[in-house]
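Heads up: the protein sequence lines correspond to chains A and B, in order.
Here the first sequence stands for residues 18 to 344, numbered as in the numbering used here.
Here the second sequence stands for residues 18 to 344, numbered as in the numbering used here.
Here is the structure we will look at, set down as structure tokens.
Protein chains: 2
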Amino acid sequence: MSVGIRDVARVAGVSTATVSRALGRGPVSDAVREQVEAAVRATGYRPNLSARRLRSKAAQTIGLIVADIRNPFFTAVSRAVEDAAYAAGMRVILCNTDEDPAREAMYLRLMEEERVTGVIFAPTKVTADGLRADSLSFPTVFIDRSGLPGAHDSVVLDNAAAAASLVDHLVAQGFKRIGGLFGSTSSTARERQAGYAAAMARYDLAPLARSVAPNATAAETEATRWLSQPDRPEALILSNGLMLMGAVRATRTLGLAVPKDLALAGFDNEPWTDLVEPGLTVIEQPVAEIGAQAMRLLFERIEHPGQPVRKVTLSGRAVLRGSTRRG
Amino acid sequence: MSVGIRDVARVAGVSTATVSRALGRGPVSDAVREQVEAAVRATGYRPNLSARRLRSKAAQTIGLIVADIRNPFFTAVSRAVEDAAYAAGMRVILCNTDEDPAREAMYLRLMEEERVTGVIFAPTKVTADGLRADSLSFPTVFIDRSGLPGAHDSVVLDNAAAAASLVDHLVAQGFKRIGGLFGSTSSTARERQAGYAAAMARYDLAPLARSVAPNATAAETEATRWLSQPDRPEALILSNGLMLMGAVRATRTLGLAVPKDLALAGFDNEPWTDLVEPGLTVIEQPVAEIGAQAMRLLFERIEHPGQPVRKVTLSGRAVLRGSTRRG
DNA sequence: GTGTTCAATGAAAACGTTTTCACAACTTGT
DNA sequence: ACAAGTTGTGAAAACGTTTTCATTGAACAC
Chain A
18 MSVGIRDVAR VAGVSTATVS RALGRGPVSD AVREQVEAAV RATGYRPNLS
68 ARRLRSKAAQ TIGLIVADIR NPFFTAVSRA VEDAAYAAGM RVILCNTDED
118 PAREAMYLRL MEEERVTGVI FAPTKVTADG LRADSLSFPT VFIDRSGLPG
168 AHDSVVLDNA AAAASLVDHL VAQGFKRIGG LFGSTSSTAR ERQAGYAAAM
218 ARYDLAPLAR SVAPNATAAE TEATRWLSQP DRPEALILSN GLMLMGAVRA
268 TRTLGLAVPK DLALAGFDNE PWTDLVEPGL TVIEQPVAEI GAQAMRLLFE
318 RIEHPGQPVR KVTLSGRAVL RGSTRRG
Chain B
18 MSVGIRDVAR VAGVSTATVS RALGRGPVSD AVREQVEAAV RATGYRPNLS
68 ARRLRSKAAQ TIGLIVADIR NPFFTAVSRA VEDAAYAAGM RVILCNTDED
118 PAREAMYLRL MEEERVTGVI FAPTKVTADG LRADSLSFPT VFIDRSGLPG
168 AHDSVVLDNA AAAASLVDHL VAQGFKRIGG LFGSTSSTAR ERQAGYAAAM
218 ARYDLAPLAR SVAPNATAAE TEATRWLSQP DRPEALILSN GLMLMGAVRA
268 TRTLGLAVPK DLALAGFDNE PWTDLVEPGL TVIEQPVAEI GAQAMRLLFE
318 RIEHPGQPVR KVTLSGRAVL RGSTRRG
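This is the structure in structure tokens:
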């Protein structure tokens with residue numbers, strides 16, 4: 018049979034209250050503490066966390082809700098979140114929504130039932146815009162995308178500036194017909210597109226933007242179609258790593274040389290981007306920093322529930338490689 | 018204040034027992050069930066899962082303990098595990114050990130305290146070999162590496178056969194001086210090395226094997242050193258995706274043409290492996306299948322605790338690309 | 001000495017469920 | 001028409017902790 022705190026108490030010759038105090042933080046004499054610890058070793062006692070949570074109302078659990086853990090951005094963020102969580106003695110429950118609002122709603126309900134300490138959430142635009150400040154019964158930090166202004170803490174990339182810096186770089190290299198292929202569903206992609214358009218306007222260049230589903234296949238299909246046209250762009254900006262991969266595939270099948278026939282630039286400095294010749298110019302997101310900052314905001318929100326909503330905006334870093342070098 | 022089952026009971030005009038039965042599976046009249054459901058909607062009741070777990074002793078939680086979620090192999094497995102878990106109404110707690118036995122021990126203890134339903138675990142060799150059949154108080158399935166024979170259910174790749182098939186392919190292409198650079202810590206790498214050595218022996222070729230830490234940097238360093246020697250191999254097999262990446266970097270810095278100066282082959286069919294010219298020959302692991310099979314074994318173990326220990330061995334698929342084509 | 005404070009402890013309540021037990025009201029088989 | 005299930009329900013116990021409340025004894029201030 019399972020050994021409980023009363024078995025430990027009996028062996029140690031004290032009350033269950035004293036055992037609880039000896040194991041947690043409570044005033045106990047050194048002698049008693051040692052007795053209890055000996056009894057714990059003797060019995061092989063392991064506390065039951067469900068009981069502890071029920072009574073103490075501290076779940077010591079944080080929920081991490083992302084679109085898909087296989088997206089390298091979320092993978093890296095997740096690792097940072099977990100490191101911070103376990104360092105603070107908390108567990109992490111991981112959920113993949115596949116950008117499906119129904120699944121988002123389901124997982125948010127689950128989080129309520131778990132009575133989690135807090136949640137880190139990368140919502141779709143529709144869910145983010147639907148969540149008012151008081152919609153959620155637990156502290157929540159949005160990552161990657163922020164929702165209604167002032168409703169929730171968030172940590173995001175300065176997407177517009179990052180996209181603009183790619184345009185700056187391409188213009189400096191002498192490119193003029195700069196196209197942009199952006200994801201159609203996320204608010205992140207929308208911000209990047211806006212930054213791109215604004216930068217193009219600054220240079221008096223006509224923006225050439227298209228939108229598709231933010232995955233490699235859709236991007237490859239659309240890029241192939243676009244680049245087959247006679248008036249194809251001489252440079253192309255992709256709004257995330259998967260789409261960049263699709264674009265590379267398109268250049269291969271069309272036999273286009275990079276950067277001679279087409280310059281390429283994108284987001285997410287994944288390990289392979291410097292392996293495909295001639296190296297891809299990308300915006301590197303501070304992924305670990307995003308996760309760590311999100312946890313910091315979350316902990317501070319838990320500590321001071323009433324404090325004003327905060328939005329942390331981090332800058333991307335342009336990693337310049339051969340794919341944007343003017344022949 | 019938080020609304021509990023007694024509030025629902027009061028509103029519905031029934032006892033708490035009836036509410037519990039109406040929400041779960043218990044005999045209740047249709048009329049009462051509707052009343053209860055109406056009361057739940059009216060009160061906004063959300064069950065407290067900690068209380069439920071404490072009383073019912075069903076945690077509905079599975080632990081997933083891997084080395085590092087950023088390793089694409091574990092990322093993919095993790096996604097499959099989570100899909101299966103949530104489909105069965107279970108939550109997933111994710112833990113990263115960084116191959117550190119101390120962290121493994123810590124997380125295993127945590128799993129005990131959580132009273133988890135089961136665990137999917139990718140252990141280091143030292144931990145795996147130290148865990149007897151009765152060491153763990155919860156059903157456990159090992160993935161990627163199996164421990165003591167007959168101690169735990171496991172699902173693994175046929176590593177020896179996979180490595181041998183790479184040798185077969187290289188020999189068929191006419192390569193003779195085939196080197197192997199293997200990870201030094203995992204039992205997986207050891208199996209791959211053994212398969213490599215056995216295959217080489219079959220062809221009466223001298224094995225040329227070296228071991229380093231299984232990461233990109235160490236592999237790059239060692240490969241650079243090795244390939245700088247006058248008697249360097251004409252083909253190189255790497256024991257995982259990260260090491261393959263390191264080897265590619267080494268060829269770039271040394272100015273070696275692939276496959277003319279050096280053929281390359283490795284493991285893990287990651288998306289970038291077909292993007293770096295001329296395409297890398299790799300063994301594709303059935304990652305989703307591994308996760309799904311692990312969950313199947315786990316559920317069946319939970320269902321039938323006494324059944325004999327099972328080991329599922331899956332085959333890799335050789336994806337042949339330009340990096341091993343004989344010039 | 002006599003209050004007063006404080007540290008250490010135990011008994012018992014509390015946390016929010018599910019499950020057991022008992023029972024009443026129906027069905028069913030004969 | 002009667003025994004034997006079966007079904008629906010409520011009261012109360014149980015799950016394994018932490019926390020509250022009360023009590024003891026010792027230390028301290030006057």
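Beta carbons are placed, not taken as given, at the ideal position from N, Cα and C, and that holds for glycine.
- Message: Just list the residues that DSSP pairs A/ASP170 with in beta bridges.
- Response: The count along the first sequence starts at 1 and reaches residue 170 of chain A at position 153. The beta-bridge partner set that DSSP reports for A/ASP170 consists of A/VAL158.
- Measure the alpha-carbon distance for A/GLY283 versus A/ARG96 and round it to whole angstroms. Translated into positions along the first sequence, residue 283 of chain A becomes position 266. Translated into positions along the first sequence, residue 96 of chain A becomes position 79. Roughly 23 Å between the two C-alpha positions.
- Item | Listed by chain order, chain B residues near A/ALA68 by CB distance under 7 Å | Mapped onto the first sequence, residue 68 of chain A falls at position 51. Going along chain B in sequence order, the residues near A/ALA68 (Cβ under 7 Å) are LEU71.
- Quick one: using the 10 Å Cβ neighbour count with 16 as the cut-off for buried, is A/VAL94 buried or exposed? Stepping through the first sequence from its first residue, residue 94 of chain A is reached at position 77. Around the C-beta of A/VAL94, 16 or more other C-beta atoms lie within 10 Å, and the residue is accordingly described as buried.
- Task: Identify each residue in the region 263 to 287 of chain B for which the Cβ-Cβ distance to at least one residue of chain A is less than 7 Å, and report them in chain order.
- Result: Interface annotation for the region 263 to 287 of chain B against chain A: VAL265, criterion Cβ-Cβ distance under 7 Å.
- Message: One question on the structure: do A/GLU251 and A/PHE192 come within less than 8 Å of each other, judged by their Cβ atoms?
- Response: Within the first sequence, residue 251 of chain A is the residue found at index 234, counting from 1. Within the first sequence, residue 192 of chain A is the residue found at index 175, counting from 1. In this structure, A/PHE192 lies closer than 8 Å to A/GLU251 by Cβ.
- Item | Residue range of the unbroken beta strand (DSSP E) whose run includes A/LYS328 | Your numbering for residue 328 of chain A matches position 311 in the first sequence. Going by DSSP, A/LYS328 is part of the beta strand (DSSP E) stretching over 328 to 331.
- Message: Would A/ALA119 pass as an interface residue toward chain B - the criterion being a Cβ-Cβ separation below 8 Å?
- Response: For the purposes of this step, residue 119 of chain A is taken as the residue at position 102 of the first sequence. No, no contact with chain B.
- Item | Run of the alpha helix (DSSP H) containing B/GLY212, from where it starts to where it stops | Position 195 of the second sequence, counting from 1, holds the residue named residue 212 of chain B. First-last of the alpha helix (DSSP H) with B/GLY212: 204 to 219.
- Query: So which of A/ALA29, A/GLY30, A/VAL28, A/ARG50 has the shortest CA-CA distance to A/ARG38?
  - Reply: Along the first sequence, one-based indexing puts residue 38 of chain A at 21. For A/ARG38, the nearest C-alpha among the options comes from A/ARG50.
- Message: Which same chain residues end up closer than 7 Å to B/TRP289 when comparing Cβ atoms and leaving out the 5 residues on each side of it in sequence?
- Response: As a first step, residue 289 of chain B is located in the second sequence; it is residue number 272 there, counting from the start. Correct list: empty, nothing qualifies.
- Message: Contact defined as beta carbons within less than 8 Å: I believe B/ALA139 pairs with B/HIS169. What is the distance between those atoms, to the nearest angstrom?
- Response: Along the second sequence, read from residue 1 onward, the residue named residue 139 of chain B stands at position 122. Along the second sequence, read from residue 1 onward, the residue named residue 169 of chain B stands at position 152. The C-beta distance from B/ALA139 to B/HIS169 rounds to 12 Å, too long to meet the 8 Å contact threshold.
- Helix, strand or coil for B/LEU255 per DSSP? Looking up residue 255 of chain B in the second sequence gives position 238. DSSP, reduced to helix, strand and coil, places B/LEU255 within a strand of the structure shown.
- First and last residue of the uninterrupted beta strand (DSSP E) at B/GLU301: What you label residue 301 of chain B is simply residue 284 of the second sequence in a count that begins at 1. That run of the beta strand (DSSP E) goes 298 to 301.
- Task: In angstroms with no decimal places, state the Cα-to-Cα distance between A/ALA307 and A/ASN88.
- Result: Reading the first sequence from its first residue, position 290 is the one you call residue 307 of chain A. Reading the first sequence from its first residue, position 71 is the one you call residue 88 of chain A. Just to set this straight, residue 307 of chain A is Ile in the shown sequence, not Ala. Rounded to whole angstroms, A/ILE307 to A/ASN88 spans 15 Å at the Cα level.
- Item | Distance between beta carbons of A/VAL31 and A/VAL53, contact taken as under 8 Å | Taking the first residue of the first sequence as position 1, residue 53 of chain A is located at position 36. Taking the first residue of the first sequence as position 1, residue 31 of chain A is located at position 14. The Cβ separation is near 7 Å, so the contact holds.
- What does DSSP give as the partner residues of B/VAL133 in its beta bridges? Residue 133 of chain B sits at position 116 when you count from the first residue of the second sequence. Answer is none; B/VAL133 lacks a bridge partner.
- Task: Mind the definition here: the region 169 to 188 of chain B touches the region 325 to 335 of chain B only if three or more C-beta pairs lie below 8 Å; say whether that holds.
- Result: Cβ pair count under 8 Å is three or more, so yes.
- Which partner residues of B/ARG242 appear in the DSSP bridge assignment? Position 225 of the second sequence, counted from the start, is the residue given in the question as residue 242 of chain B. Bridge partners of B/ARG242: none, in fact.
- B/GLU306 at chain A interface by Cβ criterion, 8 Å: For the purposes of this step, residue 306 of chain B is taken as residue 289 along the second sequence, with counting starting at 1. Judged by the 8 Å Cβ criterion, B/GLU306 is not in contact with chain A.
- Query: Roughly how many whole angstroms lie between the Cα atoms of B/VAL25 and A/GLY147?
  - Reply: Position 8 of the second sequence, counted from the start, is the residue given in the question as residue 25 of chain B. Position 130 of the first sequence, counted from the start, is the residue given in the question as residue 147 of chain A. Using only the alpha carbons, I get a separation of about 27 Å.
- Answer with buried or exposed for B/SER163, where buried requires no fewer than 16 other C-beta atoms within 10 angstroms of its C-beta. On the second sequence, residue 163 of chain B is found 146 positions in, with the first residue counted as 1. That one is buried.
- Item | A/ASP117 versus A/VAL83, A/VAL109, A/ASP221, residue with shortest Cα-Cα distance | Sequence index remark: in the first sequence, residue 117 of chain A carries index 100 (1-based). With distances taken between Cα atoms, A/ASP117 lies closest to A/VAL83.
- Task: In angstroms with no decimal places, state the Cα-to-Cα distance between A/THR234 and A/THR270.
- Result: Mapped onto the first sequence, residue 234 of chain A falls at position 217. Mapped onto the first sequence, residue 270 of chain A falls at position 253. A/THR234 and A/THR270: Cα-Cα distance of roughly 13 Å.
- For a contact meaning CB atoms closer than 9 Å, what does A/ARG63 contact in chain B? Here residue 63 of chain A refers to the residue found at position 46 when the first sequence is read from its first residue. For A/ARG63, the chain B residues whose Cβ falls inside 9 Å of its Cβ are ARG126, GLU129, GLU130, ARG132, SER154, in order along the chain.
- Task: Give the interface partners of B/ILE110 over in chain A, defined as CB-CB distance under 9 Å, in chain order.
- Result: Here the question's residue 110 of chain B lines up with position 93 in the second sequence. Chain A residues near B/ILE110: THR78, ARG108, VAL109, ILE110, LEU111.
- Task: May I ask you to list, following chain order, the residues of the region 288 to 300 of chain B that have a beta carbon less than 7 Å from some beta carbon of chain A?
- Result: Contact residues of the region 288 to 300 of chain B toward chain A are PRO288, TRP289, LEU292, VAL293, GLU294 (C-beta to C-beta distance below 7 Å).
- Query: Which residues does DSSP pair with A/THR290 in a beta bridge?
  - Reply: The residue you call residue 290 of chain A lines up with position 273 of the first sequence. A/THR290 is not bridged to any residue.
- Query: Hey, does A/SER95 have any beta-carbon neighbour from chain B nearer than 8 Å?
  - Reply: Stepping through the first sequence from its first residue, residue 95 of chain A is reached at position 78. A/SER95 has a beta carbon lying within less than 8 Å of a beta carbon in chain B.
- Task: Output yes if chain A places a C-beta closer than 8 Å to the C-beta of B/ARG87; else output no.
- Result: Looking up residue 87 of chain B in the second sequence gives position 70. Interface residue, yes.
- Can you name the start and end residues of the alpha helix (DSSP H) that A/LEU71 belongs to? Taking the first residue of the first sequence as position 1, residue 71 of chain A is located at position 54. Boundaries of the alpha helix (DSSP H) harbouring A/LEU71: 66 to 73, taken from the DSSP string.
- Is the shortest distance between the beta-carbon of A/GLU99 and the beta-carbons of chain B less than 8 Å? Looking up residue 99 of chain A in the first sequence gives position 82. True, the Cβ-Cβ gap to chain B drops below 8 Å.
- For B/THR205 versus B/ASN232, is the C-beta spacing smaller than 8 Å? Your numbering for residue 205 of chain B matches position 188 in the second sequence. Your numbering for residue 232 of chain B matches position 215 in the second sequence. No, the Cβ-Cβ distance between B/THR205 and B/ASN232 is not below 8 Å.
- Task: Compute the Euclidean distance between the alpha carbons of B/LEU187 and B/LEU253, then round it to the nearest angstrom.
- Result: Walking along the second sequence from the start, residue 187 of chain B turns up at place 170. Walking along the second sequence from the start, residue 253 of chain B turns up at place 236. One C-alpha to the other measures close to 9 Å.
- Item | the region 308 to 321 of chain B / the region 216 to 229 of chain B touching (three or more Cβ pairs under 8 Å) | The region 308 to 321 of chain B, when compared against the region 216 to 229 of chain B, does not touch it at the 8 Å Cβ threshold.
- DSSP-derived helix/strand/coil call for B/SER201: Mapped onto the second sequence, residue 201 of chain B falls at position 184. Looking at B/SER201 - three-state DSSP - the assignment turns out to be coil, as it is neither helix nor strand.
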